[in-house]
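Colleague: Just so you know, we're using my numbering here: the sequence shown kicks off at 10 and counts up by one.
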Amino acid sequence: PEETISIHRKEPVYDGKYSNECYINRIESALNMFSKVSQLNIETIDSWIFHLPYAYQGRRSAVNMWVKYFAEDNRDIQDKLGYIWKEKPEKRDSEDYNNWTKSISKSSPYIEFVQKHIAPSEKMSSEIGNMYTASIFMAMLSAIAFSQNNLQNLMFLAYGSGSKSKVFHGKITKRMSSELIKNRLLEGIKDRQRISVEEYEKQHSL
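#1: Per the DSSP calculation, M164 is bridged to which residue(s)?
#2: Return the CA-CA distance between D7 and M42, expressed in angstroms with no decimal places.
#3: What do you get for Y119, buried or exposed, if any count of 16 or more other CB atoms within 10 angstroms of its CB means buried?
#4: Spatial neighbours of R68 within its chain, please: C-beta separation below 6 Å, excluding the five flanking residues on both sides.
#5: I'd like to know if the region 130 to 145 and the region 56 to 74 are in contact, where contact means that at least 3 CB-CB pairs between them fall below 8 Å.
#6: Would you mind listing the beta strand (DSSP E) stretches within the region 88 to 170 that are 3+ residues and don't spill past its ends, in chain order?
#7: Pick helix, strand or coil for K238, following the three-state DSSP scheme.
#8: Out of curiosity, what's the CA-to-CA distance linking K95 and F165?
#9: What's the gap between the Cα of K45 and the Cα of G179?
#10: State yes or no: is the C-beta of D162 within less than 8 Å of the C-beta of T110?
#11: Of the residues Y209, Y92, P129, which one's Cα is nearest the Cα of S116?
#12: Assign M185 to buried or exposed, taking buried as 16 or more other Cβ atoms, counted over all protein chains shown, within 10 Å of its Cβ.
#13: Does the beta-carbon of S151 have 16 or more other beta-carbons within 10 angstroms, so that it is buried, or is it exposed?
#14: Can you check which of these residues, R203, D24, E196, L160, is closest to E12 by C-alpha distance?
#15: Helix, strand or coil for L189, going by three-state DSSP, please let me know.
#16: Considering Cα atoms alone, identify which of A167, N192, I137 is closest to I153.
#17: Looking only at its chain, what residues have a beta carbon closer than 7 Å to the beta carbon of K175, apart from the 5 residues adjacent to it on each side?
#18: Where does L215 land, buried or exposed, given buried means 16+ other C-beta within 10 angstroms?
#19: Does S214 come out as helix, strand or coil in the three-state DSSP assignment?
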């Protein structure tokens with residue numbers, strides 16, 4: 010609740026909006042560094058694999074990165090965005106810019122990008138929920154299983170406690186059966202059972 014936390018508390022302090030801002034800022038910074046160091050053309054990436062605390066965090070976080078790496082130097086995309094692009098605010102750290110990115114996230118060019126490069130990786134997260142450490146690897150399996158494209162270049166965008174991020178590149182060198190992976194993933198969750206908080210705590214204590 011305080012702008013600057015200067016007192017000690019026994020319980021954790023959670024601010025969802027601030028937490029999301031940290032996630033986005035750190036991943037953007039890591040991607041910018043990755044782009045400079047690797048010299049890899051971001052447009053050649055087949056799938057963006059995010060750490061997903063919840064299913065749609067990736068697509069919500071990628072808007073600014075998509076603008077920078079896809080739209081800013083692409084006249085065709087700018088023409089498709091039309092008046093939205095022409096109304097781009099000069100100052101990024103403003104409420105106007107936040108509202109503008111919301112418009113971008115609903116535009117057809119961005120939705121097409123999401124459906125091709127991000128959405129397949131979200132499917133298992135929407136079924137399972139937050140796995141934290143495992144989520145980026147489950148997102149990878151989900152992308153391989155549900156993508157309609159022949160994936161080769163994967164970009165992993167990882168985030169962790171302490172407001173840290175790491176971006177790295179992966180390449181599929183041996184073709185895996187996407188249908189086999191999909192079946193195993195779906196089989197693994199079909200027999201789930203709801204348990205009580207008490208049962209969960211009992212299992213966790215073991």
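We put the beta carbon where it would ideally sit given N, CA and C, even for glycine.
Treat the numbers as computed from the prediction; the structure is a model and nothing was measured.
Modeller: Looking at the atomic coordinates:
#1: Looking at the DSSP assignment, M164 forms a beta bridge with W57, H178.
#2: Past the boundaries of the shown model lies residue 7; the chain is included only from 10 to 215, so the question cannot be answered.
#3: It counts as buried.
#4: Excluding positions up to five away in sequence, the list reads V123, I127.
#5: Flag = yes, the region 130 to 145 and the region 56 to 74 touch.
#6: If only uninterrupted beta strand (DSSP E) runs of at least 3 residues are considered, those enclosed by the region 88 to 170 are 162 to 169.
#7: Outside the displayed range of the chain (10 to 215) lies residue 238, so it cannot be described from this structure.
#8: Rounded to whole angstroms, K95 to F165 spans 32 Å at the Cα level.
#9: Rounded to the nearest angstrom, the two C-alpha atoms are 17 Å apart.
#10: According to the sequence provided, residue 162 is Asn. The question's Asp does not apply to it. Annotated as distal: N162 and T110, with beta-carbon spacing of 8 Å or more.
#11: The candidate whose alpha carbon is nearest that of S116 is Y92.
#12: M185 should be labelled exposed.
#13: S151 should be labelled buried.
#14: It is D24.
#15: Helix.
#16: With distances taken between Cα atoms, I153 lies closest to N192.
#17: Same-chain partners within the cutoff: A39, A167.
#18: It is exposed - the Cβ of L215 has fewer than 16 other Cβ atoms within 10 Å.
#19: In the structure shown, S214 sits in a helix (DSSP, three-state: H, G or I).
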